Amino acid sequence: MSTSFTLDATDGMARTGVISTPRGDIRTPAFMPVGTAATVKAMMPESVRATGADILLGNTYHLMLRPTAERIDRLGGLHKFMNWDRPILTDSGGFQVMSLAALRKLTESGVTFKSHIDGSRHEITPERSMEIQRLLGSDIVMAFDECTPYPCTEAQALESMRLSMRWAQRSRDAFGDRPGHMLFGIQQGSVFADQRAESAEALKSISFDGYAVGGLAVGEGQEMMLRTLDFATDMLPADKPRYLMGVGKPDDIVGAVKRGIDMMDCVLPSRSGRTAQAWTRRGQVNMKNARHQDDPRPLDEDCTCPTCRQYSRAYLHHVFRAQEMISGMLLTWHNLHYYQELMQGLRDAIGAGTFEAFEARFHALRAEGDIAPL
RNA sequence: GCGACUGUAGCUCAGCGGUAGAGCUCUCGGUUGUGGUCCGAGUGGUCGCGGGUUCGAGCCCCGUCAGUCGCC
């Protein structure tokens with residue numbers, strides 16, 4: 058069985074379609090909840106599915122260190138291990154090495170580093186990253202890259218991008234021919250148009266099953282990110298999925314989809330769910346704020362998630378203050394539900410050719426802000 | 001009844017001659033290819049009470065009240 062990407066409709070630059078895989082379809086634009094350590098924190102897999110997620114993201118870096126890719130392979134692969142039988146996309150490990158590990162050393166060959174867990178030494182090369190992601194059983198494998206930091210000079214960005222392109226070729230070579238599995242290349246080049254173009258050309262000449270925009274949402278701010286997407290997205294092949302890595306807030310997502318992005322992932326809804334930050338159609342709400350302590354109303358009266366149907370703001374406030382585990386469970390569920398509802402709204406609007414109206418409503422409701430205190 | 005020790009922010013404590021600090025709490029803000037994290041800002045004290053010494057006292061002296069422990 059093989060994979061395919063079909064575009065069903067476009068509206069301006071925005072697109073909607075389906076990525077078909079042996080493990081099921083992925084409706085695009087898609088938001089992928091992040092399940093770093095073989096779990097979407099605070100959520101049961103069936104609950105993640107119930108929010109509307111078609112695909113999860115898992116992390117090479119974390120899983121190679123614990124419990125190790127070889128152990129997951131012996132136990133039947135990541136899907137069986139974590140009880141998620143739908144598609145999984147795995148990050149290549151490059152970003153986490155740079156953001157989490159100590160004593161990193163980057164060479165032409167790859168990256169050596171010390172584990173943030175026990176200090177043990179490890180190396181990831183493009184070849185090793187492909188092997189790990191194969192052992193995990195990943196459906197969508199990401200090429201090994203270096204996420205260029207921001208800010209950086211043009212010269213640094215260029216050097217970093219070209220290294221990632223050489224690694225992209227090695228990733229392609231090491232990945233081989235694996236029917237039913239996809240390999241995505243990652244465009245770099247920071248915020249520089251000429252570098253983004255050179256990177257896109259390099260990736261296209263190698264040929265991938267999908268193309269990611271990397272190196273954004275790393276501190277440049279939303280305006281700069283969207284300005285970069287204005288030119289970067291269109292450089293990537295129109296007939297393949299385009300994945301914006303690590304994004305983002307709801308308004309980032311709307312802005313990215315508007316510019317032709319098909320897939321995104323972000324820790325925000327799940328991490329926020331554990332830190333009392335709620336995301337709703339009306340914006341961001343901090344459930345720890347004292348104004349909720351006597352409020353019997355749901356977080357969002359129009360939301361159909363189990364949290365909003367069954368629990369009050371006062372209860373959410375209380376369990377966060379008391380640091381009860383159910384706090385993260387309830388709010389993560391709501392946040393993921395909201396994100397998936399947003400994606401469905403985007404897909405429907407693009408399909409109906411009403412993206413602009415959807416976007417206007419989206420911003421108008423957020424501008425109103427959260428419901429007034431009691 | 002006697003002795004020792006202790007009384008400083010809501011809590012736990014530091015400061016021991018130059019007109020008060022920390023952590024937590026509390027009130028908020030932040031978190032974008034995840035370490036249930038971390039970062040940032042703010043509110044908050046007649047230093048148990050009353051005298052005294054000193055230019056100046058949480059800090060030294062006297063008294064007093066309260067608590068803890070020990071002894072009778």
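Per this note's numbering, the first sequence starts with residue 58, numbered consecutively. The beta-carbon is built from N, C-alpha and C at its ideal position, and this holds for glycine as well. These figures come from a predicted structure and were not determined experimentally.
- Closest by C-alpha distance to D82, out of T96, R106, L193, is R106.
- When Cβ pairs closer than 8 Å are counted between the two stretches, the segment 199 to 218 is seen to touch the segment 243 to 251, the count reaching three or more.
- With distances taken between CA atoms, A406 lies nearest to R72 out of R72, T63, T60.
- Checking the DSSP bridge columns, you'll see F152 has no partner listed.
- In this structure, the beta-carbon distance from T60 to G276 does not fall below 8 Å.
- Minimum Cα-Cα distance from A274 among the listed residues D309, D291, F241 corresponds to D309.
- For Q341, no alpha helix (DSSP H) segment is defined; the enclosing uninterrupted segment is the beta strand (DSSP E) at 340 to 343.
- Here the C-alpha atom of I428 lies approximately 24 Å from the C-alpha atom of T108.
- Where P208 is concerned, there is no enclosing alpha helix (DSSP H), because DSSP gives it neither an H nor an E.
- Counting along the chain, E127 sits inside the alpha helix (DSSP H) bounded by residues 126 to 131.
- Selection E127, T169, I383 evaluated against I189 yields E127 as nearest (Cα-Cα).
- Per DSSP, reduced to three states, the secondary structure at Q245 is coil, with no helix or strand assignment.
- Rounded to whole angstroms, the gap between the alpha carbons of L325 and G305 is 7 Å.
- With fewer than 16 other Cβ atoms inside 10 Å of its own Cβ, N140 counts as exposed.
- Separation of D230 and D251 (C-alpha to C-alpha, rounded to the nearest whole angstrom) is 26 Å.
- With three or more CB-CB distances shorter than 8 Å, the segment 109 to 127 counts as touching the segment 148 to 166.
- Secondary structure note for M281: its alpha helix (DSSP H) is the uninterrupted segment 279 to 289.
- By the neighbour-count definition (other C-beta atoms within 10 Å, threshold 16), G312 is a buried residue.
- The segment 415 to 425 and the segment 364 to 382 do not touch, with fewer than three beta-carbon pairs separated by less than 8 Å.
- Assignment of V324 by DSSP, reduced to helix, strand and coil, places it in the coil class.
- In the DSSP assignment, Y268 falls within the beta strand (DSSP E) that extends over 267 to 270.
- Assignment of E425 by DSSP, reduced to helix, strand and coil, places it in the helix class.
- T78 and E258 have their C-alpha atoms roughly 26 Å apart.
- Distance from the Cα of A66 is smallest, within the candidate group L403, P430, A421, for L403.
- The beta carbon of L301 is closer than 6 Å to those of V270, A313, I318, M321 in its chain, skipping five residues each way along the sequence.
- Where A159 is concerned, the enclosing beta strand (DSSP E) starts and stops at 159 to 163.
- Beta-bridge pairing by DSSP links D82 to S77.
- When the beta-carbon positions are compared, V376 and S384 come within less than 8 Å of each other.
- In its chain, beyond the 5 residues on either side, P183 have a beta carbon closer than 6 Å to the beta carbon of R227.
- P144 and M100 have their alpha carbons spaced roughly 17 Å apart.
- Sequence-distant partners of F232 (beyond 5 residues in either direction) whose C-beta falls short of 6 Å from its own C-beta, in its chain, are M187, L240.
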